[in-house]
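Chemist: In case it helps, our numbering puts the sequence shown at residues 26 to 221.
The C-beta atom is built at its ideal place from N, Cα and C for all residues, glycine as well.
Keep in mind the model is a prediction, meaning the values are calculated, not measured.
Okay, here's the structure, questions in a sec.
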Amino acid sequence: MKGQPKAEQRTETIRRFIKAGREIFARQGYAQAATEEIVQQVGLTRGALYHHFSSKEGLFRAVLSEVQQKVAWQVEEASSQGADPWEQLQLGCRAFLASSLDKEVQQIMLTDAPAVLGWEAWREMDAENSFRLLKEVLDVLVARGLIETHSTQALAHLLSGAMNEAALWIVRSPAPQLALTEASRTLEELLEALRK
C-alpha cells in the first residue's frame, strides 16, 4: 500500500477489514468472532480496525451491508430474467428465498444481524435493499392493473415479513433444500392469490 494516495490506502484498508470480517463472521458467528483474529488476518492493528469502524459492531454493520447488497443483487439479477413484472416478482421472491441456503447469508444476515443490531436497525437496513425491490415491483403491478390492493406499502411489508420468516424457517430446518422447495411452492400459491 506504500506509494498509494491516502484515500486509496483508506479504501483498501476498509475493504480488507470487511473481507476478513465477512469470512470470520460467517464462519464463527458474531459472538465467537474475535477482533484479534480479524486484525491478524488483515495484518494490521486493533487500533487500525477501530480507527475505521469504531467497534466490532461497526465492522459488522459494514459486513452486513455488503451481504444485504449481495442478496439484493441476486434478486435483481433473477428478476431481470422475467418477461413481465409478474414473472419478475416471482423470480425475485424465489431468489430471495434461495439466498437463505448461502452460509454467509444464514449466519450474518438472518441469524446474527437481528440479535447484534436489534430488530429495528436490521429492518431499516433491509428496507434499503430487498424490501425496496419488492415495493418497486408491487407498485408496477398495481399501476398495470395486474394486482389490486388497498396499500402497496402494507402488501410489501406483509410479503417481506412472510419471506423473511420463511428464510429463517429454511435456515433452521433439518432439511433446508426441502424447506426451500416447500416455501417456494407455498409462496407461489400466495402470490397467485393476489392476481386479478
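Verify whether the separation of the beta carbon atoms of P201 and L122 is less than 8 angstroms.
Modeler: It is not a contact, given that the beta carbons lie outside the stated cut-off.
Chemist: What does DSSP give as the partner residues of R220 in its beta bridges?
Modeler: Bridge partners of R220: I172.
Chemist: In angstroms with no decimal places, state the Cα-to-Cα distance between S90 and C118.
Modeler: Their Cα atoms are separated by approximately 20 angstroms.
Chemist: How many angstroms separate the CA atom of V130 from the CA atom of V88?
Modeler: About 11 angstroms.
Chemist: From the DSSP output, in three-state form, read off Q106 for me.
Modeler: Q106 falls in the coil class under three-state DSSP.
Chemist: Once the 5 residues before and after M6 are set aside, which same chain residues still bring their CB inside 7 angstroms of it?
Modeler: There is simply no residue 6 to check, as the chain begins at 26 and stops at 221 in what is shown.
Chemist: To the nearest angstrom, report how far apart R210 and N189 are at their CA atoms.
Modeler: So the two alpha carbons sit approximately 16 angstroms from each other.
Chemist: If you reduce the DSSP assignment to three classes, tell me which class L126 lands in.
Modeler: In this structure, L126 counts as coil in the three-state DSSP scheme.
Chemist: Among the residues of its own chain, which have a CB less than 8 angstroms from the CB of Q178, if the five just before and after it don't count?
Modeler: So the qualifying residues of the chain are K160.
Chemist: Going by the beta-carbon positions, is the gap between A51 and I63 smaller than 8 angstroms?
Modeler: For A51 and I63, no; Cβs fall outside 8 angstroms.
Chemist: Taking the CB atoms as reference points, tell me whether R280 and L184 lie closer together than 8 angstroms.
Modeler: Residue 280 is absent from the model: the chain starts at 26 and stops at 221.
Chemist: What residue range does the alpha helix (DSSP H) around Y75 cover?
Modeler: Start and end: 71-78.
Chemist: Taking DSSP as the reference, what is the three-state secondary structure of A56?
Modeler: Looking at A56 - three-state DSSP - the assignment turns out to be coil, as it is neither helix nor strand.
Chemist: Under a Cβ-count criterion, where at least 16 other Cβ atoms within 10 Å of its own Cβ denotes burial, should P199 be classed as buried or exposed?
Modeler: By the neighbour-count rule (16 or more Cβ atoms within 10 Å), P199 is not buried but exposed.
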